[in-house]
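J.: In full-length UniProt numbering, the protein residues as written are 1 to 253.
C-beta: ideal position from N, C-alpha, C; glycine also.
Treat the numbers as computed from the prediction; the structure is a model and nothing was measured.
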Amino acid sequence: MAVYVGSSPPERLQESVKLLNAELDKAELTRPAELRFANVEMDDRTVRAGSSFELKCEVYALPPPVFTWTLNGRRIAGTEEANLFEKLSNIGKPTLQNGVVTSRIRIPCAEKKHRGKYRCVATNGHHMVEASAKISVVGSELCDVTELDPPQIIQFTDSRFEIQDNTVQLMCRVAEPNAAVAWYFMKDDEVRVPLIDNSDFEILANGDLIVKRCDFETRVGTYVCVASNDAGEDRAEAWLYCNSRENSDASSS
């Protein structure tokens with residue numbers, strides 16, 4: 001089943017959600033919150049007009065973060081939606097909520113308007129990290145005008161650890177509002193099994209996948225998110241591991 005990514009909620013609602021997230025974290029997290037860069041591809045560079053470039057921020061986080069991107073101080077991409085669905089589903093339970101989350105932006109055809117200072121900011125409601133890169137564009141090559149660009153997955157779960165039986169939210173946020181998002185599970189690392197809304201899984205309107213019960217025997221493995229439209233597709237992989245409650249208690253003590 002595919003879902004279509006919608007717009008962000010109003011600012012007042014976002015602030016209320018942030019407060020709720022913080023309260024839930026106090027009750028659920030088994031370890032202190034963390035946020036640090038795992039890998040950053042934000043080097044200053046000069047690119048030729050007409051060529052492509054990509055910027056990427058990858059963080060280790062507990063709980064999962066959200067990212068925003070700015071160019072010369074103006075917001076160009078990102079989302080304020082945290083993993084609230086998961087937290088509400090796990091009320092009354094201890095949670096890990098740790099793993100690696102990646103955010104990236106790709107410019108398929110550089111023009112003068114793409115030059116300047118790019119800034120990537122990640123926050124998980126407890127900590128914030130940021131990185132920046134200065135991009136210069138040289139040359140006068142013109143880009144072809146297209147009515148529709150292929151979708152870009154701008155934020156996704158790279159790896160995630162959670163306690164056995166808990167609900168898990170795997171992120172897959174897409175820049176284009178009308179892209180269709182589908183999820184698959186890699187059975188035996190070879191067969192791509194489509195995931196549909198049922199008693200085991202749910203695909204949210206923002207593109208995220210809800211794994212309703214983290215189970216070591218049946219849910220550990222690689223999940224693939226595919227975003228598509230008439231111009232093409234983008235994909236990202238997430239690896240999920242389910243800890244036993246005994247191991248989780250030991251690691252937090």
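1. Any idea if V3 is buried or exposed, counting beta-carbon neighbours within 10 angstroms, 16 or more meaning buried?
2. Note down the Cα distance separating V211 from R160, rounded to an integer number of angstroms.
3. Using C-beta distances below 8 angstroms, list every residue in its chain close to M128, excluding the 5 sequence neighbours before and after it, in chain order.
4. Taking V100 as the reference, which of R31, N39, L209 and A227 has the closest Cα?
5. My assumption, with CB atoms under 8 angstroms, is that Q152 sits in contact with R106. Please give the rounded CB distance.
6. Figure out for me which residue from F185, E190, D189 and N206 has the closest Cα to the Cα of I196.
7. Around the Cβ of C143, are there at least 16 other Cβ atoms within 10 angstroms (buried) or fewer (exposed)?
8. Quick check on S199: does DSSP put it in helix, strand or coil?
9. Tell whether a beta-carbon distance below 8 angstroms holds between residue 256 and A49.
10. May I have the straight-line CA-CA distance separating T218 from A238, to the nearest angstrom?
11. At what residues does the beta strand (DSSP E) containing S103 begin and finish?
12. Assess, as a yes-or-no matter, whether the stretch 175 to 192 is touched by the stretch 54 to 74 under the definition of 3 or more beta carbon pairs within less than 8 angstroms.
T.: Taking the structure as given:
1. As a working mapping, residue 3 is identified with position 3 in the sequence shown. Only weak support is given to the placement of V3: the predicted model assigns it a pLDDT of 44, under 50, and the question is left unresolved by the model.
2. Counting from 1 along the sequence shown, the entry for residue 211 is found at position 211. Counting from 1 along the sequence shown, the entry for residue 160 is found at position 160. So the two alpha carbons sit approximately 12 angstroms from each other.
3. Walking along the sequence shown from the start, residue 128 turns up at place 128. In chain order, L35, V121 and A122 place their CB closer than 8 angstroms to the CB of M128, counting only its own chain and leaving out the 5 sequence neighbours on each side.
4. In the sequence shown, counting from the first residue as 1, residue 100 sits at position 100. The shortest Cα separation from V100 among R31, N39, L209 and A227 belongs to N39.
5. Counting from one through the sequence shown, the residue named residue 152 turns up at place 152. Counting from one through the sequence shown, the residue named residue 106 turns up at place 106. That pair is a contact at about 6 angstroms.
6. One-based indexing of the sequence shown puts residue 196 at position 196. Closest by alpha carbon: F185.
7. As a working note, residue 143 is residue 143 in the sequence shown. Taking all protein chains in view, the Cβ of C143 is surrounded by fewer than 16 other Cβ atoms within 10 Å, so the residue is classified as exposed.
8. To locate residue 199, count along the sequence shown from 1; it is residue 199. Coil.
9. Because residue 256 is not part of the residues shown, which for the chain are 1 to 253, the question remains open.
10. In the sequence shown, residue 218 corresponds to position 218, counting from 1. In the sequence shown, residue 238 corresponds to position 238, counting from 1. Their backbone Cα atoms lie some 15 angstroms apart in a straight line.
11. Your numbering for residue 103 matches position 103 in the sequence shown. Annotation for S103: the continuous beta strand (DSSP E) segment containing it runs N98 to I107.
12. no
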